[in-house]
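A.B. asks: Quick one: the structure is below, and I'll ask about it shortly.
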Amino acid sequence: MTYEKLSVYLQECTAFEDPLLVTGHPAPDTDAAVSSLFEAWRLTLSGTPAVPVLQGKLSRETAWLLGDVSFPTVQKESGKWVLTDHHDAAAYEGDVVAIIDHHPVADGENLAEIDACIRPVGAATTLVAQRIRESGISLDAACARILLGAVLLDTEGLSPYKAKAEDSETAGWLTALCGEEPMPLYHALKEQLLSESDPTVLYERDWRSYSAPDGTPVMSFAILKVKQGNRPDLAAVRRRLAQDAAAYSAAVAKVVLYAPDDSREEIYLAAGSAADAVLTEVMARSGPSAQRTAPDEVFLPSDCHHWGRKRYALWLMEKLRKKG
Ligand SMILES: [Mn+2]
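This note's numbering puts the first residue of the sequence shown at 800, with every later residue one more than the last.
Spelled out as structure tokens, the structure:
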């Protein structure tokens, strides 16, 4: 795998006949984009023609990381799917053949018949990089750097809260291949990510939805990451939440305010019939300095427990489904 060959592959793959379609989730962050791109290419190199499909817009930091290459513009809409960084198979009408993901499987989810690799690592890209490594495919420095960047962003710079031993091990392998130190690369990516300020772009950039096994929409959950001095217009965020609350029992937005030393404060906003249940859960999970600053708002100073969305999704879906 060389950067030059990646560019050729991305041009040629649009002409593949009946390829597997490999996609991250509909709000593609760097992990979703990079894991789908490299898994599609890896499958192709292993003899199974596959095309990466980007749902949604390429984020600023992902575009920066990819440099001159990007996703193919011809996008297929029907065929057999491989999902990376998510496993919402129901959304693809039973046409999912394989999954590579690191999000926990909820009770009642049925993934039988699917070749699913779902493991609790910090980044889906770690699992894809492991497959590349195990298959003996060589990686040039530029490709290793792209994979490393995705692992760093999804693990918040290999933070002990997010990264597992496999992520650190894989990042070490990629670092040796690309010769770039992880922390400067992480900070450069973070700088790209945090320079976005449009509340609508921020809201949609890292938005997820959660449904009951029967398909009923239950919760939407957006994460807006910004610099501490750069708070987005919360009124605009509330308007966007109100739209989601028409379709979901709870619409949740977490605004993460990063300080220069990488510590963070968080603001949770919630709308919908289950908004209060959500904020009560956040208050209970975050420790004594959590503050209910408005009926629809909780503020978490930097010394609180800052749980990730994966954990909250498990806790809240259980709670909201029991309620419903
Ligand atoms: Mn991920």
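Every residue gets a Cβ at the ideal spot worked out from N, C-alpha and C, and that includes glycine.
Measuring only the C-alpha atoms, how far is residue 806 from residue 834?
C.D. replies: The alpha-carbon atoms of residue 806 and residue 834 are separated by roughly 16 angstroms.
A.B. asks: With a CB to CB cut of under 6 angstroms and the five nearest residues on each side skipped, what residues in its chain are close to residue 998?
C.D. replies: These residues qualify, in order along the chain: 1031, 1032, 1035 and 1036.
A.B. asks: How many Å lie between residue 881 and residue 1092 at the Cα?
C.D. replies: For residue 881 and residue 1092, the distance between alpha carbons rounds to 43 angstroms.
A.B. asks: Does residue 1046 come out as helix, strand or coil in the three-state DSSP assignment?
C.D. replies: The answer is coil: DSSP assigns residue 1046 none of H, G, I, E or B.
A.B. asks: Within the structure, which residues are defined as neighbours of ligand 1 by a Cβ-heavy atom distance below 5 angstroms, reported in chain order?
C.D. replies: In chain order, the hits are 830, 884, 923 and 953.
A.B. asks: Look up residue 1090 in the DSSP assignment and give the residues it is bridged to.
C.D. replies: Answer is 1098.
A.B. asks: To the nearest angstrom, how far is the alpha carbon of residue 1095 from that of residue 950?
C.D. replies: Cα to Cα, the separation comes out at about 34 angstroms.
A.B. asks: Measuring only the C-alpha atoms, how far is residue 1028 from residue 847?
C.D. replies: Those two C-alpha atoms are separated by around 48 angstroms.
A.B. asks: Rounded to the nearest angstrom, what separates residue 1047 and residue 904 at their Cα positions?
C.D. replies: Taking the straight line from one Cα to the other gives about 21 angstroms.
A.B. asks: CB-CB under 7 angstroms to residue 1010, same chain, minus the five flanking residues each way: which ones, in chain order?
C.D. replies: Same-chain partners within the cutoff: 1016 and 1017.
A.B. asks: Figure out for me which residue from 825, 1079 and 977 has the closest Cα to the Cα of residue 884.
C.D. replies: Of 825, 1079 and 977, the residue nearest in Cα terms is 825.
A.B. asks: In whole angstroms, what separates the C-alpha of residue 1101 from that of residue 978?
C.D. replies: When rounded, the distance between both Cα atoms is 34 angstroms.
A.B. asks: Please say whether residue 1006 and residue 1021 have beta carbons closer to each other than 8 angstroms?
C.D. replies: Yes. Within cutoff.
A.B. asks: When burial is assigned at 16 or more other CB atoms within 10 Å of the CB, is residue 954 buried or exposed?
C.D. replies: Result: buried.
A.B. asks: Ignore the nearest five residues each way along the sequence and tell me which others in residue 1086's own chain have a CB closer than 8 angstroms to its CB.
C.D. replies: For residue 1086, where only same-chain residues beyond five positions count, the Cβ hits under 8 angstroms are 1102, 1103 and 1104.
A.B. asks: Going along the chain, which residues of its own chain have a beta-carbon closer than 6 angstroms to the beta-carbon of residue 757, five neighbours each way excluded?
C.D. replies: Outside the modelled stretch of the chain, which goes from 800 to 1123, sits residue 757, for which no answer is possible.
A.B. asks: From 804, 981, 1111 and 937, pick the residue whose C-alpha is nearest to that of residue 1124; which is it?
C.D. replies: Given that the chain is displayed from residue 800 to residue 1123, the structure contains no residue 1124 and the question cannot be resolved.
A.B. asks: Less than 8 angstroms between the beta carbons of residue 1049 and residue 1014, yes or no?
C.D. replies: Their beta carbons are not under 8 angstroms apart, which means residue 1049 does not touch residue 1014 by this criterion.
A.B. asks: Determine contact between the segment 905-913 and the segment 811-819, defined as no fewer than three beta-carbon pairs at a distance below 8 angstroms.
C.D. replies: Output reads no: the segment 811-819 does not touch the segment 905-913.
A.B. asks: Between 810, 813, 869 and 1056, which lies nearest to residue 829 when the distance is taken from Cα to Cα?
C.D. replies: The shortest Cα separation from residue 829 among 810, 813, 869 and 1056 belongs to 869.
A.B. asks: Sorted by chain position, which residues of the same chain lie with C-beta nearer than 6 angstroms to residue 1054's C-beta, five sequence neighbours on each side aside?
C.D. replies: Here the set comprises 1023 and 1066.
A.B. asks: If I measure Cβ to Cβ from residue 1074 and keep anything under 7 angstroms in the same chain, skipping five residues before and after, which residues do I get?
C.D. replies: These residues qualify, in order along the chain: 1049 and 1095.
A.B. asks: Tell me residue 881's beta-bridge partners as DSSP assigns them.
C.D. replies: Paired residue(s): 821 and 897.
A.B. asks: How far does the beta strand (DSSP E) with residue 1066 in it extend, from its first residue to its last?
C.D. replies: Per DSSP, residue 1066 belongs to the beta strand (DSSP E) from 1063-1070.
A.B. asks: Report the CB separation of residue 841 from residue 936 in whole angstroms; it is logged as a contact under 8 angstroms.
C.D. replies: 7 angstroms between Cβ atoms; contact.
A.B. asks: Using the rule of at least 16 other Cβ atoms within 10 Å of the residue's Cβ for burial, across every protein chain shown, is residue 860 buried or exposed?
C.D. replies: Residue 860 should be labelled buried.
A.B. asks: From which residue to which residue does the alpha helix (DSSP H) around residue 1008 run?
C.D. replies: No alpha helix (DSSP H) contains residue 1008, which is instead part of the beta strand (DSSP E) from 1006-1010.
A.B. asks: Where does residue 915 sit, in a helix, a strand or coil, going by DSSP?
C.D. replies: Residue 915 falls in the strand class under three-state DSSP.
A.B. asks: Under the DSSP definition of a beta bridge, which residues are partnered with residue 1040?
C.D. replies: For residue 1040, which the question treats as bridged, DSSP gives no partner whatsoever.
A.B. asks: Check for me: the alpha helix (DSSP H) holding residue 1085 runs from which residue to which?
C.D. replies: Segment 1074-1085, the alpha helix (DSSP H) holding residue 1085.
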